[in-house]
Ligand code: THU
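In the working numbering, the protein residues as written are 2 to 129.
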């Protein structure tokens, strides 16, 4: 799957001198574009940006919106699959459709899920 290959390529760009845990991500749009992201850490740890947020922000920064996004891949080489942190789930729940495919892989195992499964009862614009 091209989106997975690109996510693994993006993982090479991770700047993770503190955790040493490299993550890559790639958004594929319905019209065949790819937007990559990698985690970028900071000595002030809380300022770290996760790979999937960088990828989805890149897609949005280039004018794409949730209805134009086909899927997002998030990858690492850890023993366990990388799963989005709570902050990223909140962001993805606003910036992806509820059933958009979220592909998680470590090169050995791959699962396809979506934000409805990862974050049921999410807080969003509808609650305001
Ligand atoms: N990280 C991601 O980039 N995405 C995830 O889904 C989980 C965690 C990053 C943040 C930090 O740079 C490193 O992985 C360890 O938490």
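We treat Cβ as the ideally placed atom computed from N, Cα and C, and that holds for glycine.
Asked	Found
Closer than 7 angstroms: is that where the CB of residue 27 sits relative to any heavy atom of ligand 1?	no
Where residue 68 and residue 54 are concerned, what is the direct C-alpha to C-alpha distance, given to the nearest angstrom?	17 angstroms
According to DSSP, residue 106 sits in a beta bridge with which residue or residues?	76 and 111
The alpha helix (DSSP H) that contains residue 9, what's its start and end?	3–12
Does DSSP classify residue 47 as helix, strand or coil?	helix
Quick one: is residue 18 near chain D, going by C-beta distance under 8 angstroms?	Here there is only one protein chain, and chain D is not present.
Quick check on this structure: which residue in 28, 129, 46 and 24 has the alpha carbon closest to the alpha carbon of residue 3?	28
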